[in-house]
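K.L.:
Sending over a structure as structure tokens; questions will come in a sec.
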Amino acid sequence: MSGWVAVVGLGPGSEALVTPEVTQILAEATDVVGYIPYVARIAERPGLALHASDNRVEIDRSRHALQMAAEDKRVVVVSSGDPGVFAMAAAVLEAVDHGPPDWRNLDIRILPGITAMLAAAARAGAPLGHDFCAINLSDNLKPWSLIEQRLRLAVQADFAMAFYNPRSKTRPEGFARALDILREACTDDRPVIFGHAISTADEELRVVPLSQAQPHMADMRTMVIVGSSQTKIITRDGPPLVYTPRSVPV
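First residue of the sequence shown: 1053, per our numbering; consecutive thereafter.
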């Protein structure tokens, strides 16, 4: 069987942040599968078929990619950021797990990318310099009660927190609820970073104390990072630098 599936991350937006490994595998592909705006980032060329689909059909998209690989095609499944962080790598492996037995023997590769979380953190300084967690605030695939539980436990553990998918047009109330929970659970006015469209022409970075964070500051192109109780702000001319020390006072 000469076909394969590579699940790749295209980074947060800038072509400069696409890894050389991903660029090379795209050059070898016969087919590219993914969510419409991510497939739109792939340049058309002879011999390459582009298969774009809606964001809520991840398993169908994965099955399509695996079936094409079983037919000896070289298939790249594209995600933004890193494919293993709230993206297509898990969907493809779920399709393998529940699919025909011969899919398990396909050549399946997961190629990492730069996540929005890391890109936004780098722009701000080093807010994830110590222990941290990443939480997807979308309740499309899990109940809100679980999100709330994880938020409270993350505060209790004093993690810095990175929030994916904070606020969409179809669920604008979720991020407001998350901010209310954080204000209730935190005993300090820790910094909150809003990194919008980092590495693109629309990039905007804002750092505010938790008490001043507002729901409208985030959308689906925004990565939100909330510091731990130890996170510091270095004021200077221009944007501040935010970091979390690598050591914890005993």
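Glycine included, C-beta positions come from ideal geometry on N, C-alpha and C. Only a predicted model underlies this, so the values are computations on that prediction, with no experimental measurement involved.
With a cut-off of 8 Å on the beta carbons, I'd call V1276 and A1212 a contact; round off their distance for me.
P.N.:
That belief does not hold up - the Cβ atoms of V1276 and A1212 are roughly 11 Å apart, past 8 Å.
K.L.:
Measure the C-alpha to C-alpha separation of A1142 and G1136 and round it to an integer number of angstroms.
P.N.:
Cα to Cα, A1142 sits roughly 6 Å from G1136.
K.L.:
Please report the residue range of the beta strand (DSSP E) in which I1160 lies.
P.N.:
D1159 to L1163 is the extent of the beta strand (DSSP E) around I1160.
K.L.:
By Cβ distance, which residues of its chain are closer than 8 Å to R1156, with the 5 residues on each side in sequence left out?
P.N.:
Cβ neighbours of R1156 beyond the five flanking positions: V1148.
K.L.:
According to DSSP, is G1133 helix, strand or coil?
P.N.:
Of the three classes helix, strand and coil, the one that applies to G1133 here is strand, per DSSP.
K.L.:
If we ignore side chains and look at the alpha-carbon of each, how far apart do D1134 and R1093 end up?
P.N.:
Each residue's Cα considered, the two are about 15 Å apart.
K.L.:
Is G1063 closer than 8 Å to G1165 when the C-beta atoms are compared?
P.N.:
A contact, by the Cβ cut-off of 8 Å.
K.L.:
Please identify the residue among N1192, L1170 and R1175 whose C-alpha is closest to the C-alpha of A1186.
P.N.:
A1186 has its Cα closest to that of L1170, out of N1192, L1170 and R1175.
K.L.:
Going by C-alpha to C-alpha distance, which of V1259, I1077 and Y1090 sits closest to G1290?
P.N.:
If we check each option's Cα against that of G1290, V1259 comes out closest.
K.L.:
What residue does the beta strand (DSSP E) around S1105 start on, and which one ends it?
P.N.:
That run of the beta strand (DSSP E) goes A1101 to S1105.
K.L.:
Look at G1247 and A1139 and say whether their C-beta atoms are less than 8 Å apart.
P.N.:
Not closer than 8 Å, so no.
K.L.:
Taking C-beta to C-beta, are S1281 and D1191 nearer than 8 Å?
P.N.:
Going by C-beta atoms, S1281 is not nearer than 8 Å to D1191.
K.L.:
For M1213, which beta-bridge partners are listed by DSSP?
P.N.:
C1185 and V1278, per the DSSP bridge assignment.
K.L.:
DSSP state of F1227, grouped into three classes?
P.N.:
Helix.
K.L.:
Ordered along the chain, which non-local residues of its own chain (more than five positions away) have a Cβ less than 7 Å from that of N1107?
P.N.:
Closer than 7 Å at the Cβ level, and outside the excluded window around N1107, lie Y1087.
K.L.:
For W1056, report the span of its beta strand (DSSP E) as first-last.
P.N.:
That run of the beta strand (DSSP E) goes W1056 to G1061.
K.L.:
What residue range does the alpha helix (DSSP H) around E1080 cover?
P.N.:
Element bounds for E1080: P1072 to E1080.
K.L.:
Considering only the alpha carbon of each residue, which of I1160, V1127 and R1175 lies closest to I1250?
P.N.:
The shortest Cα separation from I1250 among I1160, V1127 and R1175 belongs to R1175.
K.L.:
Compute the distance between the beta-carbons of D1241 and S1220, then report whether it is under 8 Å.
P.N.:
Going by C-beta atoms, D1241 is not nearer than 8 Å to S1220.
K.L.:
Under 8 Å by Cβ, that's how I've got I1245 and V1294 pegged, so tell me the actual separation to the nearest angstrom.
P.N.:
With a Cβ gap of about 6 Å, I1245 and V1294 count as contacting.
K.L.:
Check each candidate in A1122, D1183, R1097 and P1195 and name the one with the smallest Cα separation from D1325.
P.N.:
A query on residue 1325 cannot be resolved here, the shown segment of the chain reaching from 1053 to 1302 and no further.
K.L.:
I'd like to check one pair, T1252 with S1066: are the Cβ atoms closer than 8 Å?
P.N.:
The answer is yes: Cβ separation under 8 Å.
K.L.:
Sorted by chain position, which residues of the same chain lie with C-beta nearer than 6 Å to E1255's C-beta, five sequence neighbours on each side aside?
P.N.:
Same-chain partners within the cutoff: A1249.
K.L.:
If I follow the unbroken alpha helix (DSSP H) through V1148, where does it start and stop?
P.N.:
V1148 -> alpha helix (DSSP H) spans M1140 to D1149.
K.L.:
Comparing alpha-carbon positions, which option in K1284, R1161, C1238 and P1195 lies nearest W1056?
P.N.:
It is R1161 whose Cα lies nearest to the Cα of W1056.
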